[in-house]
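One structure is given here, and the rest of the page talks about it.
Numbering (full-length UniProt numbering), first residue to last: 1 to 570.
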């Protein structure tokens with residue numbers, strides 16, 4: 001009897017499993033969660049204070065998870081929250097395995113992970129491994145003697161190299177990338193500030209320790225990492241500060257290790273590189289990091305915002321369009337740093353400065369602007385809406401900086417990049433509802449058009465016409481358009497130099513988005529290759545029938561439209 005059952009199973013199992021090889025890739029695509037996610041970047045210390053000490057904390061973030069869920073956030077990207085002296089706002093890490101006691105405890109973090117999962121969201125965290133704090137126990141040991149245990153975990157030179165004043169990340173603030181250590185009378189290397197000595201990834205022990213760090217945080221519930229300063233991590237030491245050799249195998253190794261511990265974990269890389277170099281970071285077949293910020297397109301986008309000239313941005317979009325199926329660009333309007341304009345020509349950069357950051361106090365590091373989006377756009381609601389509509393319709397994963405959904409301003413009295421890192425403005429109560437303390441550890445914006453009495457989340461949630469509710473609606477529509485993150489895209493000719501039109505295809509669906517960069521109405525005409533229906537995703541009164549000859553419509557100043565295409569496929 002048992003033998004008969006075995007024989008029957010030998011016949012049935014191949015029949016039942018036939019065709020599963022065709023289903024498997026679809027399951028793999030489900031691991032592409034990062035391709036269509038709405039990513040929200042925040043710093044715990046400036047988000048919400050729960051205990052009245054004037055500084056945001058993990059429990060405060062937990063209190064505001066429902067706000068993020070209502071907004072439509074899928075992924076929370078946390079800025080560094082590990083123990084740190086705070087000389088670089090947490091990016092000077094002193095312990096990779098802990099939680100800064102000013103922000104909470106390991107238990108608080110575990111509760112955060114539970115509450116995030118409960119709401120169907122994910123968390124990715126900054127992985128700052130290019131350098132440590134000079135207060136890290138590794139560096140303290142390394143500078144204790146030339147034969148110290150952790151000496152080779154950092155990069156040293158008996159003499160200051162001839163290129164020691166080149167390759168600085170913060171020109172105008174930073175003087176060198178080599179600093180003399182008085183304890184051992186040798187120079188240590190630091191791409192960033194002198195209190196952030198670079199780790200030496202040519203040392204296999206450093207790579208092994210990095211894997212332990214990754215494995216540890218994955219076990220805590222993290223879904224991925226924003227890898228800080230990627231080109232500097234993969235530098236081969238002593239090969240030049242400005243054009244060093246790069247070890248791209250590191251990215252493949254770190255990707256493989258990460259996914260060996262958690263199959264759907266993703267890495268978002270910070271790498272401001274030329275388009276032709278991006279394949280080295282993504283990998284020819286997508287075996288490198290999964291996501292990367294499209295700094296190149298972003299810089300040309302701000303040139304388009306400032307001048308109305310779309311040609312450089314269109315070219316940048318085309319130059320960055322060829323990536324593997326598993327790879328994805330991340331697009332943003334503001335991040336935690338300055339708006340980097342280093343890839344523009346001097347003339348182009350000056351035009352952006354003139355329009356968006358004319359005062360030298362608004363500029364930073366000889367290449368960027370340290371302002372938030374609303375002030376750069378003169379708080380023009382039309383321009384802000386168009387910019388966010390465009391962000392959500394670009395071919396990649398949109399990243400939002402906390403407070404940008406409100407149109408928050410900046411505080412140029414604060415040094416360097418801290419100008420865009422002021423406390424979140426929740427209510428019109430004292431200190432913007434951020435803290436019940438007499439004052440916050442970093443000043444809340446209290447005066448003028450961007451003061452918390454005018455701009456706060458509570459006020460805007462109750463106003464159906466506010467920027468916040470409009471952006472929430474945009475996110476809702478974006479989620480109904482999976483072809484943006486998963487499909488292929490084509491820039492359409494519109495007959496207007498001021499109108500950008502993009503068409504998407506995916507899984508039998510097609511979408512067209514249009515954005516007018518001009519401060520005046522513009523007509524846009526385009527063809528979709530036949531007859532079909534255009535369904536306006538913002539207003540059903542805008543539905544259209546398009547004939548073989550094509551279609552034209554007028555967009556108001558800084559206007560935008562999204563159309564679902566029905567009836568014609570490529």
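From the three backbone atoms N, C-alpha and C, an ideal C-beta is built for every residue, glycine too. All of these numbers come straight from a predicted model, not from anything done at the bench.
Bounds of any beta strand (DSSP E) do not take in residue 81, whose DSSP letter is neither H nor E. Between residue 436 and residue 49, the C-beta gap is smaller than 9 angstroms, which places the two residues in contact. Taking a cut-off of 8 angstroms for Cβ pairs, the segment 124-143 and the segment 80-92 touch, as three or more such pairs fall below it. Between residue 386 and residue 306, the gap from beta carbon to beta carbon reaches 9 angstroms or more.
Proximity to residue 512 across 46, 540, 481 peaks at 481, based on C-alpha coordinates.
Nearest in C-alpha terms to residue 208, of all of 187, 253, 248, is 253. Under the three-state reduction of DSSP output, residue 545 falls in the strand class. Straight-line spacing of the CA atoms in residue 33 and residue 331 works out to 16 angstroms. Between the alpha carbons of residue 267 and residue 545 lies a distance of about 43 angstroms. In this structure, residue 506 sits away from residue 492, with a CB-CB distance that is not shorter than 9 angstroms. Check the Cα spacing between residue 434 and each of 54, 38, 279: the tightest is with 54. Taking residue 151 as the centre and dropping the five residues before and after it, the same chain places the C-beta of 142 closer than 7 angstroms to its C-beta, in chain order. Secondary structure note for residue 207: its alpha helix (DSSP H) is the uninterrupted segment 204-219. Spanning the alpha carbons of residue 318 and residue 376 requires a straight line of approximately 26 angstroms.
According to the DSSP assignment, residue 280 belongs to the alpha helix (DSSP H) that extends over 278-282.
Using a C-beta cut-off of 8 angstroms, the segment 193-201 makes no contact with the segment 255-262, since fewer than three inter-stretch Cβ pairs fall below that distance. In the three-state reduction of the DSSP assignment, residue 428 falls in the coil class.
Residue 180 is bridged by DSSP to 187.
Beta-bridge annotation (DSSP): residue 172 is not paired with any residue. For residue 224, there is no enclosing alpha helix (DSSP H); the residue is part of the beta strand (DSSP E) that begins and ends at 224-227. For residue 307, the uninterrupted alpha helix (DSSP H) segment begins and ends at 295-307.
For residue 232, the enclosing alpha helix (DSSP H) has its first and last residue at 230-233.
Residue burial annotation: residue 70 is exposed, with fewer than 16 other C-beta atoms found within 10 angstroms of its C-beta. If you keep only unbroken beta strand (DSSP E) runs of at least 3 residues inside the segment 451-517, you get 488-492, 499-506, 509-516. For residue 329, the pairing in a beta bridge is given by DSSP as 292.
The Cβ atoms of residue 72 and residue 457 lie no closer than 9 angstroms to each other.
Take residue 560, set aside five residues on each side of it, and the residues of its chain with a beta-carbon closer than 6 angstroms to its own are 386, 389, 515, in chain order.
Annotation for residue 125: the continuous beta strand (DSSP E) segment containing it runs 122-127. Closest option to residue 381, judged by alpha-carbon separation, among 442, 466, 397: 466.
Between residue 173 and residue 416 a beta carbon distance of about 7 angstroms is seen, short of the 8 angstroms cut, so the two are scored as contacting. For residue 250, the enclosing alpha helix (DSSP H) begins and ends at 249-261.
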